[in-house]
Structures are given as structure tokens and as C-alpha cells.
């Protein structure tokens, strides 16, 4: 791209033409006019935009989003989080798992007993799975909605109350598993045992969404060892009385039911792919979304 | 034959102005390449001044036996073959590379390389880099390669048509060597060879004629003279181009025979010098490529400005250096309009096709537009403006000038044929005529038939054939008894026929020739079929008619006859043409007939169209000033009422020197005068005269004229067919050669070829060129508009940390998918007003893409479009649970793959994949919103000033484009499998309509703007927004 015609002098003259008193090819008043125009124009455009967004907000319900087809069926997520679904630690080196236990501490803070004392906000929903508790229509008409208490103690060895390291220091890592919150979502327990692996049959109960963790690969089955499940009444599932969720506005203090999974006998030094699945009629899995109704995690426990 | 006197006058004229001024010319310009300068000088030959003896000495040729074979072989070895060195052809791969790396392509290549670079950075930093930049780089490269191949293919196609023009038949020449006549390949002719030529031959080299027999050559391809020129051994003019004793290479011998010594061969011939001059000229950029370069500067400026500002901004916002660099590259690349190269190429191709349909073949795609910017057309006369065919234009009989029909299709005026004088005149013209139609042409229209014979006799033959029926039948009825052919001493032609008319005498003497000579031989004149004495009054009338016709640049012939009295010339009388035993004086004058090479029918109209389109039409011809002026007046190059200095002088009856040259708008410049002008004088001349005719110009002068116009900033088109035009054709911004009559050299030098040789096709070219310029503007405005909604998502991704609203794939879907056909369809858009009524664009001010276009497309339309699309984006996210406020600053969490419980505004938790799905749904919706606003933009861009309601929706391709882009958008969104292939997701119907109000807003906004521009021209709005 030759540019012979516009030599340096041309550029300088373009930036400031002292003869015509032009800066970048425009005089002062010309700049003023065009800038004023654009200020008005963009002001007007911004006004339109803000107006339309206001209309959007006015027509949107404060309690429930218009569409939920993308967020349901729910995801199954776990704490601690894993980078690229991998977790690796040395059980006699606290530094390698410090981050995880901090995350779990932080996550479980809401579940401390002292935070669930307000009777206006919390109620006792029993210690055994019961059917869902409906709390009226999804709006302010019935006043605030109470939520069920969830006792951190139920998480047993994984509650962090007895073992501050959630088993990590012994090479028996805990994962806290939850079903992602969805407003008004009512999970349905499995009707049959057909799709559930035999080992999990014992955890199938009415009013409970069971989960089960197993090695992904057949040959790793032996290396996985014993898996312990902690939850309400040691059920290893999500009790239905915590559902439905009434949304952030009506239940800001909502505690979703948790299940803790502890791998107590992992083979040290070998990487294990473990898959945990929740089972229910309206819990679906998806090849692309590896956190929908299930999750996978690779665990490697090392020794120094 | 015929009007010798007239011809002599012309030449005398030429001589007087030429005399002795040749030497001043040399060394005028020093700055240019010396070699080229050498070629630009006038032909320097002195062989025509030499006597035969001197020639013999100079060339060592025996004037009867020729060279010896051995000597000829020696010279051949030394000088090389007698052929023109073909212009250096560009190798195919260079042409291909030019398509690949020219102007616009470089922009895309740089974009592509930047993409790969950015991907490299990402790959080095991240284990799992986002492949978007890689794909974008590949797509950009693919776009360039595909478009490059396409335009290469297009140009190869038109150059193939060019190839087919080439005449591959090897020429033969008859040379005398060692006293023997040999027919050898013309390439083997050497300097000093003795060559014989006869009617129909091409002259094999520059010849000095040593003997001739009625030889005439057609010099039109070299000098532009339409009449065949006599060649004799006599030295008649200082100027080698005008002297009669030199015949030039590649001109043709029309009739007679001649023998001459070869004085120059190959590239040294006059023709060769011109061809070398043409191929040595450097060609400037086409106006369009200058425009595109300017456009690239603007685009790059905007891109770099945006990129650098956001680079700094992202550093301030706390991004790392590498991230900021990736952003910088991303923004710069996002500014590249990927589809525009293809759009522009297709638009130009479409126009080139349309022009080819209208008989304008364009060699170089970018030249399509050049005619549209043309402000001056320098047209050759012969063959371009005229039919290149002598035709009877006027007759004078019964003391009255009658106009004959000269139009090509015989639609013109006719005259009263009832007078018996006309019957007599027709009989004389038909009988005293040696021209005959060539055989087997009954189905061909008379005017198009081939004729064997002299040009003026052919003209007479055709005229009589048209008016009075078969001339052959007439000749059969009145068989020729005896004849005296034309010779230059008599200046008449005479024949004696048996008279078929029983009421008249047995024998009829008919004669034609130079009018004044014929008149001298007459003492009576035929008026209304009655012989009347030729008195002084009649002679004055004749004189006036002769002058008037001569002043029209016509070649006038006089006709007379005499019925030979039966008593003196009984049946079987032996006529003796040597003794002249019959009267050749005291004849009866019948009338005059005047011939001219008439202008083509469509030319006057075309010239006036060019005029009203603000284009200067200049005639540059090698022909004589009088003829040139007459034709110029005939076609309107000198318009009615405009006078030259000479005209004013004649009207006011004062010497030419006393007329103020500023008073005359028109002027006729003789080549001899031009030769002595300095370039300042020439500039002055070109500036102050609107209607100029250059006559008797040499090829070098044509070049100087073109350069003169270009110095004034004009964009010059040159039309021509001869070799003499080729340097000018090459130098011109657009050279237009003639497809039928044009010489190979001229076609090679030209950028465009008129397949029907019709000047009127140029008007079509101008119209198409201007239209495509306007439509390209519209197309670019349309394409650039979508750039803003394509860039803003990335900008907001960086500064507001919201999820990316439009991804690379969707950007490419817009640029290379939905925007494509609508942008191309704008090439089919009709003109808004009469584009042939406005001035040609000023290449300094009227740019293809100016800051107003950018301001409109980017600053206004694009912004509204982006706002509309962002609104859709926020609607979808809000509908799914993410209200706008939640989105601000969400980027880090949103992009965190390990975070699978991201909370929305309602407390719902989203896995990574779930939110990616709505992100991609948003991108699909954003894409569709852009398409919807682009509906309005497309309708807006149809016009720059008019309302759509004035313009109408007549452009069906555009309507199709609207449906096509919608259908494509819907297909991309709803076709199963798209979620996997392109990550595009189906939309809910309500999401389609979100952008509609913005389409309406932008439409209304622009209609208001156009109303203001129409109502108050020149107002601030027009100055700032009329692109």
C-alpha cells in the first residue's frame, strides 16, 4: 500500500491546518456541532435502550423466570470444586488440600446450627424423608415462606464438625453433593429400580432422590473401595420435604438438602474416575453436560 | 480517384503549417525515461528525401535485382526477424498472485495472520485454548483464496476472448533477391530488400517506394485518415508520415501495385515504435483501486483506534498483558469486513457481465467503474464516430442541394427523386463507375455489401443501387463501349456507352471528375431535365454549392454527360481513346455528388448524453482539420452555435490574430500547431475550451493530449481502433478499443473493448460505471453497518464483563452468510435520479467510502442495530433468570468450567453447560436480531437521498435477498443438528420480535434524514450525512 501522496507534511496538515484553523479536518464549530449531534443522538439511543430494559423488567416476574427449560433438569454439583474435574492431593501434606477444606468450610457455614435458629424463617421438617411441603402460591400473598432446617450433623464424618479436614488428611476425601436449585422444581423419586445399580437399591426409598457413586471404568471398581453416604437419616439421598424451592425473593435463607460422599478406601497413587449419579423420574443426563443429574471426578491420592 | 484538388488543398495546408518546424521539438522533456522519451518524439526519417541513387548507395540494393540471398541472410542475422516484439506478458502465476495479494486481500491476509498469532498466544498460555481465532484465521484465508480464484477466473475468461481476436495467419511478402521474385515469410524481410506489393497485400515493412502503378494504401490504422492514400516514388512532403513515397508496415495496399526498398523492419518501423511506446508506458492505478485503498486506510484507522483504546482500557481494568493483546487483535480483526471483498468482486463481475451484454467487454474488473468516473473522452474519429465507409451525403442538381440518406439503416431523410435531372445524374454515376459488388451478397443489405473498387466509386455505387435499383442491370442495358480511366493529369474519368433509351442518341458519353475541371468542359447545364446554357449566374451557383459542400468536409465529384449525335457517330463507330475522336468539351453538366464518411447514427445522441453527463468529448484524429471539424459538428462535439476562433474571424471579417481566443469555446487544433505548444500552453488550451478537435495528430501527440488532461485531474477515456491510438489507449485511465475494426495492438493496450464498435456503447458503459459506483457505496454502507453489532459484544465482554453476546461463528454467519446476497443485490439497484444528468465525480472529493459513510454506518445505523440486538440478548437472559444487573461483572464466574452452580437472579443454579447453552441461544438471537435490523438497513441503503416510497421495491433480487437472509437465519437457528455443528439454538417466537422496534426506529430515523436532505439541499444534515 503505497502512500506517496500523503507525506508527513500532509499528515501534519491534516492534524492541524493552521490556515483554515482545522483540527483533523474540521473547524472548532464544526467539531462542536457534530459532537453535539452525537451526544444528543446517543443520549436518545441510551434513553430508548433504558426504556426498553425498564419495560422488560416490569413485564418480568420477580418470583420465577419466564422460561426454565434450560436450567431444568437440574445439575448435580459438588463441593469442593474441581479444576477440569480432577482432584489431586497428598494426604500427609495439608497444603495440597487446604484449599478444598476451606471451600467446604465456607460452603457449610450456612448449615451451622446457630444460623438456623430463627423460627420465623426455619422450621423442622423431621429427620426422615417425607413428601414435598407446598407453601402456597409463588408470590408475596402468603407472606414470607419458611424453609426446612438441615442439620450439619447429618453429614457425619463429612460434616467437618468431627474431622476438620473432611477426611482428606487420612486419604478418605469427602464430597458434598447437591441438586442445583430450580424455582418450583419438584424432583420425582425413581418409580422402578431398573435403572439403578444394585448396590444402590438399599438407598431407594419413597420421598428420596438417591445418589450413587461408582468407578467409571470397570477395572477401577476394586480400587474404589468403600463409599459412605451421609445425609438426612444416613439415607444417602435428597429428601423431598425440602422441595419445592420458592426462589431467592421468598426464601432467601433456603437450605438445599445435601448428601456427603466419602471414599474411605481409595487406592493410593492411582487415578480413579468416579461418577456420581442422582436418580429420579425427572432427572435427566446429557452427554454434553457432564453435570446434569450426575458428575464425574478424577481422584488421585498421593503419599509423600 | 475523384476530388484531387480537394485532397491537394488539405496537404498544402498541412505542409504550410509543418514546414521546417520539426527540429524544435526535440529535447523538450528531460524528466522521463530517456528511452520512452525517444519513442515519444516524432518519426525521424530521411529516406523519403533521397534520390534512388542515394538509396542504392545507402542500402546497397540493386534497384532491379534486389539484395543477394547471402547479404539478406547476413542482415537478417544482424537485425533479427521483421516482427514486433510482443509486449512482455505477465506470467499467469503473477496475475494469480495479483488477485491474491491486491489491495483488499492484503487486509484480510493481515487479519488472518493476526488471528493465527492470537491463537498462538492463547495456545501457549492455555492448555485448552478457544479455537475461535484459529477458525477465524482459516476462514479469512479461505475467503481471500476463494475470492482470488474467482476473480482470476473471471479475468482469465475475458482475456481468453481477447486471445481469440489475435490474427495468427503468417504474412507473406514478395521480395526480389538476386533478380528473382520469391514469396517468403514476412518475418524474413530485411532492410534493403526489394519488395513488391499489390492490392490486398499488407505492407511487410516500411518501404520507400521506387516505382508504382496506381498504388493506394490504407493508412487509417496508422494515421487515422479514412481515405486511401496514393503512393508514388515522388517525394512530396517533408513529413515522412505524409510524403507519398513511403508505405508503412502493417498498413494495407488497397489497389494498384508498387515496388519499394525496405528501409525499416520490425520494432524499428513506425508502427513498431508506436507499439513499443504503448507497451513501455506505465499504467496508473484504476480510480476504483485508489478508492479501495482509501477505504482500507479508513477501516484500518478505525480498527487500530478501537483496538488500541480497548487495549489500554483492558490493561486499566486489570487484564493481563497477554489477554489485552489477544483482545487488541480480536478487535482489529473484528473490524475486517470479511464478506466485503467477495461482495465487491461479485458486484463488479455482475456489472461486467451486464456491460458485456451491451457490447462492452471489460478486460480488468476494476475498470468497470472507471468509465463512470470519466470526465473526458478523447475519441478517435474514423471507425468510432464514423462508419468508416464513404457514403454519398449530398447532391447538387437543378441548382439545389439535396441531402442523401447517410444513416446506417436508411431511416434518414430522402429527397425528391422525380426530377429527370436526377435520373440523368444517377445514370452518369452508375455508368461512369468501375466499382462492382462482390459476388453472392444478395441477402446482405446494400450498405453492408463488399465492393471491389475505390471508396468514392463504391459510395456512388451503393447510393445509386439504393435509389434507383440494380446498377448491374443498368450497365447491362447500357453496355460500355470505351473508357478513359482516371489519371492525375486529366482529373476525370470518362466512358462511352450504348444508350438504352431509344428517344435519345445511340451513344452516350458520361464523365465524372474534379468539379471545377468538369465544369470547365461544359457549356450547358441540365435543369429540370432541360439543357440550358451555362451562364455566369449558373457558374456562381455551382461555385457556391461546391464551396458549401467542400466546407462540410465532403469529397465532391462533378458529373456531366453528352448524348453523342447519331449523325456523327453512327452504329459501329470506332472510338479511339488515345486520339480522342469524340468531344470531351462543350458537354452538358448534370450535377455534383458529395461524399463523406458519415457519423454513426447513434453517435450524436451519445455525444449529447455525454455532454449532459458533464463529460467533455474531444475528437483526436489523424484526419484533416476540415473533415474532422465537419464530423465534429455533425456529431455535436462542436455543438451548434459554438464557433472556433477562425469562425469568429470569418464572421466578423477580421484577421484571426485579432480575435480574443477566450471568446471561442470550440477550437480545432492542427497537429503541426500542437507540436509547437509548451505544456503550459496546452494546459491553457484544454482548460479554456470546452469543445476541442485535434486534427492531423500523431500517435505521440495523442499521448501528450491524454497526459495534458490527466495533469488537470481529469479521468480520461480514450477510444480508438488503430495502432496509432494504442499509446494513448494505454496511457488513458481507461482505453476503449474497437472489437471489429480495432487492430490487435490497440486491443492489447485497451482496458475495454466495444464489441460492436459503436461509440454509443460507451454511454452505456458510463451509465453502468456510475451506477456501480453508487451501488458499491450502498453495498459497503450496508455491509459496514453490521460491523458495529459485531464488535460491540466483544467490547462489552471486555469492559462490562457480561457473557459474550456474539461469537465468531455467528459473526461469520452474518458476514459470509446472511449479509452476502442482500449486499450483492444492491448492485442490481436502479439509479435514484438520472445519473447521466449529473457531473462526473471529482476523484479528489467524491470518495467511494468517506467519513460520512463511516459515520452513518458505524456511528448511527450500526449503533441502533447493536442496541436492538443487545436488547434481544438481555430479554433472553432475563427470560431465563439472569436479569441485566446480575450480568454485570459475571464474566469470570460465567466462564469458570468448574463452577456448576452459578446462581441467577432467582437463586437458581446453573451448570457450566446449561449457561453456555443460553449464551449460545443469546448469540443466535443476537445474530437474528442483527438480521432483522439489517432488513431495515437494506431498505435504507437502497437509496441515499430518495425515499424508499419514491424508489419503490422494484429490485427483485433485493426482495429475494430479504427473504433469503431471513430463511437462512431461521434455518441456522432451527435446523436440527445446528446446536452441535455451529452451536446455534432454536429461538422462541417472541425473541424474534424484540429487534423489530429498532428496525422501525432506524427506518424512520433515516427517512426523516432523507426528507431533510431533499427539502433543504446543502444543509448541515446533508453535509454531515450524505455519503
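Chains as they are written, first to last, in UniProt numbering: chain Z, 1 to 304; chain W, 1 to 1027. Ideal placement from N, C-alpha and C gives every residue a C-beta, glycine not left out.
Own chain partners of residue 530 of chain W with C-beta closer than 6 Å, once the 5 adjacent residues on each side are dropped: none
Range covered by the beta strand (DSSP E) that runs through residue 493 of chain W: 492 to 498
Helix, strand or coil at residue 228 of chain Z according to DSSP, with G and I counted as helix: strand
Integer-rounded CB distance, given that residue 597 of chain W should sit under 8 Å from residue 386 of chain W: 4 Å
Supposed close pair residue 431 of chain W, residue 357 of chain W - CB separation, criterion 8 Å: About 47 Å; that fails the 8 Å criterion.
Residue-level contact to chain Z via CB, residue 870 of chain W, 9 Å cutoff: yes
Residue 18 of chain W to residue 241 of chain W span [Cα, whole Å]: For residue 18 of chain W, the predicted model reports a pLDDT of 38, less than 50, meaning its position is unreliable; a value from the coordinates is still stated below. Residue 18 of chain W and residue 241 of chain W: Cα-Cα distance of roughly 12 Å.
Distance between residue 810 of chain W and residue 981 of chain W (C-alpha atoms, nearest Å): 12 Å
Within chain W, the residues that residue 292 of chain Z reaches when beta carbons sit closer than 8 Å: 911, 913, 914
Where residue 251 of chain Z sits in the DSSP three-state scheme: coil
Closer than 8 Å: residue 608 of chain W CB and nearest the ligand ATP heavy atom: For the ligand ATP, the structure offers nothing, since it holds no ligand at all.
Helix, strand or coil at residue 523 of chain W [DSSP, three-state]: strand
Assigned secondary structure, residue 172 of chain Z (DSSP; H/G/I helix, E/B strand, else coil): coil
Min CB distance residue 1001 of chain W to chain Z below 9 Å: yes
Cβ separation of residue 1051 of chain W and residue 362 of chain W, assumed to be a contact under 8 Å, to the nearest whole Å: For chain W, the structure presents residues 1 to 1027; residue 1051 of chain W sits outside this window and is missing.
CA nearest to the CA of residue 673 of chain W, picked from W/663, W/684, W/696: W/696
Where residue 81 of chain Z meets chain W, residues with beta-carbon distance less than 7 Å: 898, 899
Straight-line Cα distance separating residue 225 of chain Z from residue 156 of chain Z: 19 Å
Unbroken stretches of the alpha helix (DSSP H), 4 residues or longer, contained in the stretch 42 to 86 of chain Z: none
Neighbour flag for residue 883 of chain W against chain Z, beta carbons, 9 Å: yes
Length of the line joining the Cα atoms of residue 418 of chain W and residue 397 of chain W: 12 Å
Backbone CA spacing between residue 29 of chain W and residue 1027 of chain W [nearest angstrom]: Its pLDDT being 38, under 50, residue 29 of chain W is placed unreliably by the model, and the measurement read from it follows with that caveat. Cα-Cα distance, rounded: 42 Å.
Residue from W/349, W/527, W/827, W/45 whose Cα sits closest to the Cα of residue 956 of chain W: W/827
The stretch 973 to 987 of chain W contacting the stretch 828 to 843 of chain W, beta-carbon criterion three pairs below 8 Å: no
Cα-Cα separation between residue 23 of chain W and residue 393 of chain W, rounded to whole angstroms: With a pLDDT of 38 at residue 23 of chain W, under the threshold of 50, the modelled position of that residue is not reliable, and the figure given next carries that caveat. Cα to Cα, residue 23 of chain W sits roughly 41 Å from residue 393 of chain W.
Any 3 or more C-beta pairs closer than 8 Å across the stretch 500 to 509 of chain W and the stretch 562 to 581 of chain W: yes
contact_flag[the stretch 71 to 83 of chain Z, the stretch 132 to 145 of chain Z] where n(CB pairs < 8 Å) is 3 or more: no
Residue 287 of chain W - containing alpha helix (DSSP H), residue span: 287 to 316
Complete runs of the beta strand (DSSP E) confined to the stretch 718 to 805 of chain W [at least 3 residues]: 734 to 738, 752 to 754
Interface flag, residue 251 of chain Z vs chain W, CB-CB below 9 Å: yes
Contacts around residue 433 of chain W, its chain only, beta-carbon distance under 7 Å, and the 5 residues preceding and following it disregarded: 457, 460, 461
Distance, residue 1015 of chain W Cα to residue 26 of chain W Cα: The pLDDT assigned to residue 26 of chain W is 38, lower than 50, so where the model puts this residue is not dependable; a value taken from the coordinates is nonetheless given after this. Those two C-alpha atoms are separated by around 59 Å.
Check whether residue 268 of chain Z and residue 297 of chain Z have beta carbons under 9 Å apart: no
Cross-chain neighbours of residue 56 of chain Z in chain W, by beta carbon under 7 Å: 874, 875, 878
Boundaries (first-last residue) of the alpha helix (DSSP H) holding residue 956 of chain W: 956 to 974
Residue 815 of chain W (DSSP reduced to helix, strand or coil): helix
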